[in-house]
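Below is one structure; the comments refer to it alone.
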């Protein structure tokens, strides 16, 4: 299989972390988002939305949306809870992540790192306040649970960690959310963990 | 089971539409979001995020996130595609809906209906332009497919329709997206269809 990805995308990092932890081999194709490669016809044929990551299967079928890719890759593995109710809990966290973390903490971080803070003005302040609320919800849950779903490490943790561990980049000290902070260390202690886009500088991210 | 909902929520409407089409009986509890009922301790115990809808099962367990509730309710029914690849496609559309439609078209509609347009300024313009892009992606797909996943009506259609059919409320004429427009009529022709929050005036929505 082939993964179309951009090195600075935390949505893309989720998928690479899951692939690493599942021990799945794949070919990686870098899409230089900031050079417009996401809008080229050959990429739009794979994902009409023009976003990474996209997973292309060996039969040519393409899967978009990072959390849907995680569900596909981890289906039938230890990274997805087997009990139906736990599976539903996992889905709730995956949707929470795409509604209350990625467009909030992720967007705020992106605007700050790429010098768009002034341009976004009041909207940035709203997202930062909202990000703190979301982190507080996570902190409350993780104070009582080792992982998001029934103390079993799953793709919900992988998805949440992708942007969650980068809060400091958005000017929100993760140390203020001690349970989230400790959970990040537990995620990082999982077998075959690999580091994400936090390891790159803003310059490296923008030039691809 | 019991559904905590707010009459003006299109996320909540999704769940009521699915319940109606599945013929599931439930008790409905109205949460007056604009009177702060979503932030009361007894509601936060059910969903720490403070949002509707929340489905409370007979054993007291609660499920948050509208699309996770849909997956739970429709599990094993005709509203979820059986083939694994089609299931993944359904998930991709559900995540697309929560990333590219609900926070875009849904937020723009909400700001316009509740008189927040000036306050949101440039951010509203961004969301409206983004909503048009998302609708164009949908239109392209629905020009070639009767429904979102393999021509089988599913919870992906229910989720997408909830905000999708309300584009006119955000000042985007749905008639400009003829395939989306025609698909809305197909959704409305499904057995046991019920109408959504578009049937209420802004005044009715705000006073609950």
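Protein chains in written order, with the numbering used here: chain A, 801 to 1008; chain B, 801 to 1008. The C-beta atom is built at its ideal place from N, Cα and C for all residues, glycine as well. Since the structure is predicted, the reported quantities are computational estimates derived from the model, not experimental observations.
query, result
"Residue 864 of chain A - containing alpha helix (DSSP H), residue span", "From DSSP, residue 864 of chain A is part of no alpha helix (DSSP H) but of the beta strand (DSSP E) over 862-864."
"Per-residue DSSP class, three states only, for residue 857 of chain B", "coil"
"Member of A:904, A:998, A:852, A:953 whose CA lies at the smallest distance from the CA of residue 834 of chain A", "A:852"
"Residues that residue 803 of chain A bridges to, as DSSP identifies them", "A:828, A:855"
"Extent of the continuous alpha helix (DSSP H) run through residue 812 of chain A", "810-822"
"CA-to-CA distance, residue 827 of chain B to residue 803 of chain B, given in whole angstroms", "6 Å"
"Sequence-distant residues of the same chain with beta carbon closer than 8 Å to residue 821 of chain A, five excluded per side", "879, 958, 990, 991, 992, 993"
"Bridge-paired residues (DSSP) for residue 937 of chain A", "DSSP, once it has assigned bridges, lists no residue as partnering residue 937 of chain A."
"Assigned secondary structure, residue 849 of chain B (DSSP; H/G/I helix, E/B strand, else coil)", "coil"
"Residue 929 of chain A classed as buried or exposed, judged by whether at least 16 other C-beta atoms fall within 10 angstroms", "exposed"
"Whole runs of the alpha helix (DSSP H) within the segment 953-1002 of chain A, excluding any shorter than 4 residues", "955-964, 978-988"
"Residue burial classification, residue 811 of chain B (beta-carbon count within 10 angstroms, cutoff 16)", "buried"
"Completely contained beta strand (DSSP E) runs for the segment 853-927 of chain B, where each covers 3 or more residues", "854-856, 862-864"
"Inter-residue Cα distance where the pair is residue 894 of chain B and residue 807 of chain B", "22 Å"
"Under the three-state DSSP convention, the category residue 1008 of chain A falls into", "Note that residue 1008 of chain A has pLDDT 46, beneath the 50 cutoff, so the model's placement of it is unreliable and no number is given."
"CB of residue 862 of chain B within 9 Å of CB of residue 870 of chain B, strictly", "no"
"Neighbourhood of residue 900 of chain B by C-beta, 6 Å cutoff - its chain only, sequence neighbours within 5 removed", "934"
"Meets three-Cβ-pair contact criterion under 8 Å: the segment 943-958 of chain A and the segment 945-961 of chain B", "no"
"Short Cβ contact (9 Å threshold) for residue 936 of chain A with residue 892 of chain B", "no"
"Spatial neighbours of residue 995 of chain B in its chain, beta-carbon cut-off 8 Å, leaving aside the 5 residues before and after", "none"
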